[in-house]
Structure formats: structure tokens, C-alpha cells
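In short: position in the sequence shown from 1, add 39, done, that's the working numbering.
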Amino acid sequence: MSEVKIQNIEDLTGVGPAIAEKFREAGYSTLEEIGTQSPGQLSDATGIGQESCAKYIKEAGKNAKIGSFLTGTELMEKRATVGKLTTSSSTFDELLGGGVETQSITEFYGQYGSGKTQFMLQLAVNAQLPVEQGGLGGEVAIIDTENTFRPERIISMAKALELDPDEVLSKIHVGRAYNSHQQMLMVKKVKEIAKEKPIKMLAVDSLTGAFRAEYIGRGTLAERQGKINAHMSALARFGDLHNAAVVVTNQVSSNPAAFFGDPTKPIGGNIVGHTSKFRIYLRRGKAGRRVCRLVDSPHLPENEALVSITEDGIRDG
Ligand code: ADP
Ligand code: MG
């Protein structure tokens, strides 16, 4: 049987413009993004029935070549291209096995004021350093959902590294997202920017804040998780395609009685956890220091590093 290879989501059997729009609204714009979902996730995120979703996933997966095998050698070759981005703390870099990896999502989670945004800003400066100095020699895109991007902090951190602050600022592309829908659409805008500029780091600060504010109550949980999942898939794919580091922040509730019970558990629960390859839990330590704990990495031991947040940025603690 000869099969016509399909490329767009509209080419899926039974998908017309209306259903394609539902997919795109929920953040699914490619066959791969659909083909890697489970029927339940896709149905929750789009409102399309599970049975139909199962059919779409099967056809999308087949056409996007999902489920094919790679040899260990091929995978090792892919690993060799992974870049490591310094955090400006040598002990923390060591904990991460050399720095924040490209082609992966690294999640910083912790309470308000634990330093998530400071880490993200430091990485945005460092990503511009040449590879020999622990950078990625590229530009940066930040999806800012909380309006906490501060150019002044970038200037201080850049000066401390003897970089030209104006040049550093000119290579950071900040998109302000006012709700989760805009936040998801912004990944597409970043893809557009990446056609012209070598974007080597993409950050979302905060990944979950808008979702948490908009999807309130038990009944909306599945839908929220579906959307976060679709968003994470798009981010992971960006990191893969562009050999970029993807950094996301996630606030944990400081109120034990709040929506998510355990204050040390990141918002978004398992779905964020399963897609983030590196999860770092930040908390305040003694004398203004921050304790950075690496939680469930695929190949590194769970361990902690102490850092300080200074006027110059993140430093060994
Ligand atoms: P989060 O994003 O986790 O809510 P932030 O990354 O915004 O937290 O961290 C805020 C903290 O960072 C401040 O409470 C302060 O301790 C530290 N900080 C911010 N700016 C500076 C600075 N210029 N010098 C020293 N510490 C700073
Ligand atoms: Mg913040």
C-alpha cells in the first residue's frame, strides 16, 4: 500500500480548519507535537473527544516518524553536541555536570524571592559568552509573564563580566505575556526570531504563574495540565532544534493551605517534572545565601550547592 506522506495537521484524516484551530489554540501546531501526546492529554487540552484524539495521534505519530529507534552510537553523537552554560557558580556548575545543558529543559522552582529570576537573568548574560568561557555564544529570548525582567540587573551582571552592557541588552529579546494563551503563542514568535538570530537560550519566567491564576479549582486541573504539557513540548522541541538551553521558573506555594498543598512541590506537578530534565529547588539559606538542590536528574546524583546573590550576580556561596 503506498501512503502519501503528510506534513501539516490539516492533512490528518478528519481534521478541517476548525479542528486545526483548536489544536493550534492549545499549542499544538505540528504533527510531532500531536503524535507525542496521550489521547487523554490531547483531549483535555483541546476539548476534542478522546477517541478522535487517539486516531489523530496515531496518524500524526506515523507521519512524524515517532517511535523509531536510534542506536546508542547515534544517541552518543547527539549527546556530544550538548552545550553547557555556566551559572557563574563553579560549585553549582559541578553539581549540574558542567552547567545548564542545551537540548534540555532546566526548571528552577522555589518560593517567592528564592532567586529564580536572578538565576534566569544571570544565565541570559552568560549565554552570550563564548563557549570557552562557559557560554553558548548566542542570543537569548525570554518570555516574561510576571514583568520581572530588569535591564538594570543585566547591566550590573554584564559589567561584572567585563561585557559591553548595551551589546548584552541588545541580544536579549523579551516578550511580555499577559496570560497563558499569549505565553504559549510566544514560543512561535521566538521560533520566528530564531530564523534571524542565533537564539541559544529560551527562558520562561514564570512557566506556571499565568496557568495557576487562570485555571482555578479542581474541575480545570486536567485542562491546565494538558496546556502546560503542550507548552513544555513546544519548549523542549525548540531546545532540540536550536541546540538551545531552555530555562523555566516555577513558583511553589508558600502557603501550606494554598491550592497545591505541599509547599515544596512545584506547581504543575508531574507533568512539569517529567518534561524537565533538570529540576533545581531553590531556598533561602543562612546569611542571605541560597541553597540549590538538584532533584531527579537522569544521570546525576541528588545534591546541593550554596550560592550567593550579589550585586554582580550569582556567585559561589
Ligand atoms: P524569585 O524570582 O524566585 O521570586 P528573585 O530572583 O526575584 O526571586 O530574587 C529576589 C532576591 O534576589 C532578592 O530578595 C535579593 O535577595 C536578591 N537580589 C536581587 N537583586 C539583587 C542585587 N542587586 N544585589 C543583591 N541581591 C539581589
Ligand atoms: Mg521571579
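For each residue, glycine too, the CB sits at the ideal point set by N, CA and C.
Problem - Coil, strand or helix - A197 by DSSP - result: For the purposes of this step, residue 197 is taken as the residue at position 158 of the sequence shown. In this structure, A197 counts as helix in the three-state DSSP scheme.
Exercise for the section: Report all residues from its chain with a CB closer than 6 Å to the CB of F298; omit the five preceding and five following residues, and keep chain order. Expected result: To locate residue 298, count along the sequence shown from 1; it is residue 259. Here the model assigns F298 a pLDDT of 49, short of 50, so the residue's position is not dependable and the matter cannot be decided.
Exercise for the section: Report the three-state DSSP secondary structure of I58 (helix, strand or coil). Expected result: Taking the first residue of the sequence shown as 1, we reach residue 58 at position 19. In the three-state reduction of the DSSP assignment, I58 falls in the helix class, which pools H, G and I.
Handout entry: Unbroken stretches of the beta strand (DSSP E), 3 residues or longer, contained in the segment 159-192
Key = The DSSP assignment places 178-183 as complete runs of the beta strand (DSSP E) inside the segment 159-192, in order along the chain (cut-off: 3 residues).
Exercise for the section: Quick one: residues in its chain with C-beta nearer than 6 Å to the C-beta of A242, no 5 flanking neighbours on either side, listed in chain order? Expected result: Along the sequence shown, read from residue 1 onward, the residue named residue 242 stands at position 203. Excluding residues up to 5 positions away in sequence, M159, I181, V286 lie with their Cβ nearer than 6 Å to the Cβ of A242 in the same chain.
Practice task
Would you tell me roughly how many angstroms separate the C-alpha atoms of M223 and S68, rounded to the nearest one?
Solution key: By one-based count along the sequence shown, residue 223 stands at place 184. By one-based count along the sequence shown, residue 68 stands at place 29. Between the C-alpha atoms of M223 and S68 there is a straight-line separation of about 11 Å.
Handout entry: Complete beta strand (DSSP E) runs within the segment 319-350 (minimum length 3 residues, chain order)
Key = Entirely contained in the segment 319-350, the beta strand (DSSP E) runs reaching 3 residues are, in chain order, 328-334, 342-349.
Exercise for the section: Just jot down, in chain order, the residues whose CB lies closer than 7 Å to any heavy atom of ligand 2. Expected result: Ordered along the chain, the selected set is K155, T156, E185, T187, D244, S245, T288.
Practice task
Taking only heavy atoms of ligand 1 into account, decide whether any of them is closer than 8 Å to the Cβ of Q46.
Solution key: Taking the first residue of the sequence shown as 1, we reach residue 46 at position 7. It does not: the Cβ of Q46 is nowhere closer than 8 Å to a heavy atom of ligand 1.
Practice task
Look up V213 in the DSSP assignment and say whether it is helix, strand or coil.
Solution key: Along the sequence shown, one-based indexing puts residue 213 at 174. V213 sits in a strand when the DSSP states are folded into three classes.
Practice task
Would you kindly check if the distance between the Cβ of G278 and the Cβ of Q161 is under 9 Å?
Solution key: Residue numbering aside, residue 161 sits at position 122 when the sequence shown is read from its first letter. Residue numbering aside, residue 278 sits at position 239 when the sequence shown is read from its first letter. Contact: no.
Practice task
From the DSSP output, in three-state form, read off A297 for me.
Solution key: For the purposes of this step, residue 297 is taken as the residue at position 258 of the sequence shown. Confidence is the limiting factor: at A297 the pLDDT is only 48, short of 50, which leaves the residue's position unreliable, though a coordinate-based value still follows. Coil.
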